[in-house]
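If you're matching positions, the sequence shown starts at 1 in the numbering used here and goes up one per residue.
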Amino acid sequence: MEEHELKAIALDVDGTMTDNSRKICISAIEAISQAEENGIPVIIVTGNILCAAKMLAIMLGTTGGVVSENGGVIEYKGARKLLGNIEECKRAFKYLKTKYPVQKVEFSDERISEVAIERNIKEEIVKETLKDFNVEIYDTNFAIHLTDPSVDKGSSLEILAAYNGVKTEEIMAIGDSENDIEFLRVAGLRVAVNNADKELKAIADYVTSEPHGDGVAEAIYKFII
Numbered sequence: 001m002e003e004h005e006l007k008a009i010a011l012d013v014d015g016t017m018t019d020n021s022r023k024i025c026i027s028a029i030e031a032i033s034q035a036e037e038n039g040i041p042v043i044i045v046t047g048n049i050l051c052a053a054k055m056l057a058i059m060l061g062t063t064g065g066v067v068s069e070n071g072g073v074i075e076y077k078g079a080r081k082l083l084g085n086i087e088e089c090k091r092a093f094k095y096l097k098t099k100y101p102v103q104k105v106e107f108s109d110e111r112i113s114e115v116a117i118e119r120n121i122k123e124e125i126v127k128e129t130l131k132d133f134n135v136e137i138y139d140t141n142f143a144i145h146l147t148d149p150s151v152d153k154g155s156s157l158e159i160l161a162a163y164n165g166v167k168t169e170e171i172m173a174i175g176d177s178e179n180d181i182e183f184l185r186v187a188g189l190r191v192a193v194n195n196a197d198k199e200l201k202a203i204a205d206y207v208t209s210e211p212h213g214d215g216v217a218e219a220i221y222k223f224i225i
């Protein structure tokens, strides 16, 4: 890790800001608010649908924009950019349904760049079944995602960094799962919360002593405020 002045924060949501019951920790809300008050924009980076990500950003008072659907859709100050192509994902899901009784997760019809299915099937089985389709497949611990391989959280964060007028090396990124690796890799400071997957901890510059949102607050107070 090179030393850079940190000018923005990029935050994953599920498992990072939220606990196991998917509730956002109060400590994280307070720390995020203080960062914004200090002129540090917070970027929401999530696998959730755009409307859910926007609602969270409004609730938290963040100003850095949102990366939703694991990089497939971004929005900044009301301007939306679609990066992922859902058509191959739809074809892959249709084929998968002929082999296994899989179902999309709740609100899947709102997704415009990827398909997310319930975790009642192993990721390895999905990958093997869909090996002839041009889709990226990964488990976020909340759903199994079929995505456009040309986009990810990292490439989309690079776009939002430019919109915010900061370099990616001036961003502190915080995540918890293996699919957060791409956006942590482009950031100047890589933080894994204590409950993070071992693969993410392996590339992190700092692993918090606290899990979930308490870990987010720990990192913000340690490196930003």
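All C-beta atoms in this analysis are idealised placements derived from N, C-alpha and C, irrespective of residue type, glycine included. All values reported here derive from a predicted model rather than from experimental measurement.
Beta-bridge pairing of residue i - partner residues as DSSP gives them
{"i": "Gly175", "result": "Ala192"}
{"i": "His212", "result": "Paired residues: none, contrary to the question."}
{"i": "Thr168", "result": "In DSSP, Thr168 forms no bridge with anything."}
{"i": "Ala161", "result": "Note: Ala161 sits in no beta bridge, so no partner."}
{"i": "Ser68", "result": "Val73"}
{"i": "Val13", "result": "Looking at the DSSP assignment, Val13 forms no beta bridge with any residue, so it has no partner."}
{"i": "Ala8", "result": "Ile171"}
{"i": "Val207", "result": "Ala192"}
CA nearest to the CA of residue i, picked from the options
{"i": "Ser21", "options": "Asp132, Gly213, Lys222 and Ile9", "result": "Gly213"}
{"i": "Asn164", "options": "Ile43, Ile32, Ala217 and Thr18", "result": "Ile43"}
{"i": "Leu130", "options": "Ala219, Thr147 and Ile40", "result": "Thr147"}
{"i": "Ala92", "options": "Asp180, Asn134, Asn85 and Ile203", "result": "Asn134"}
{"i": "Glu110", "options": "Ala143, Ala52, Ala162 and Asp139", "result": "Ala52"}
{"i": "Ile58", "options": "Ile86, Gly47, Glu36 and Gly71", "result": "Glu36"}
{"i": "Met55", "options": "Gly39, Glu75 and Pro41", "result": "Glu75"}
{"i": "His145", "options": "Ile174, Ser108 and Leu160", "result": "Ser108"}
{"i": "Asn179", "options": "Ile220, Ala219 and Glu136", "result": "Glu136"}
{"i": "Ile49", "options": "Lys167, Thr168 and Val105", "result": "Val105"}
{"i": "Gly71", "options": "Val216, Pro41 and Asp12", "result": "Asp12"}
{"i": "Asp139", "options": "Ile112, Lys167, Glu169 and Ile181", "result": "Ile181"}
{"i": "Val216", "options": "Ile174, Ile225 and Thr62", "result": "Ile174"}
{"i": "Thr46", "options": "Thr18, Ser113 and Asp14", "result": "Asp14"}
{"i": "Leu96", "options": "Ala219, Lys127 and Gly61", "result": "Lys127"}
{"i": "Ile171", "options": "Ile125, Asp197 and Ala219", "result": "Ala219"}
{"i": "Thr63", "options": "Met17, Gln34 and Gly84", "result": "Gln34"}
{"i": "Gly84", "options": "Leu184, Ile112 and Asp197", "result": "Ile112"}
Status (buried if at least 16 other CB within 10 Å, exposed otherwise) for residue i
{"i": "Gly78", "result": "exposed"}
{"i": "Thr98", "result": "exposed"}
{"i": "Pro149", "result": "exposed"}
{"i": "Pro101", "result": "exposed"}
{"i": "Lys7", "result": "buried"}
{"i": "Ala202", "result": "exposed"}
{"i": "Asn195", "result": "buried"}
{"i": "Gly39", "result": "exposed"}
{"i": "Asp152", "result": "buried"}
{"i": "Ala162", "result": "exposed"}
{"i": "Ile225", "result": "exposed"}
{"i": "Asp176", "result": "buried"}
{"i": "Gly61", "result": "exposed"}
{"i": "Glu5", "result": "exposed"}
{"i": "Glu114", "result": "buried"}
Any non-hydrogen atom of the ligand GDP within 7 Å of residue i CB
{"i": "Asn141", "result": "This structure does not include the ligand GDP; it has no bound ligands of any sort."}
Stretch-stretch touch, CB-based, cutoff 8 Å, three pairs: the segment 184-193 with the segment 202-209: yes
The segment 57-75 in contact with the segment 150-158 per 3-pair CB rule at 8 Å: Yes: at least three Cβ pairs fall under 8 Å.
Cβ contact check for the segment 121-134 and the segment 28-40: 3 or more pairs under 8 Å: no
Within the segment 66-150, ranges of the beta strand (DSSP E) (whole runs, at least 3 residues): 66-68, 73-76, 79-82, 115-117, 136-139 and 144-147
Start-end ranges of the beta strand (DSSP E) lying completely within the segment 17-69, minimum 3 residues: 42-45 and 66-68
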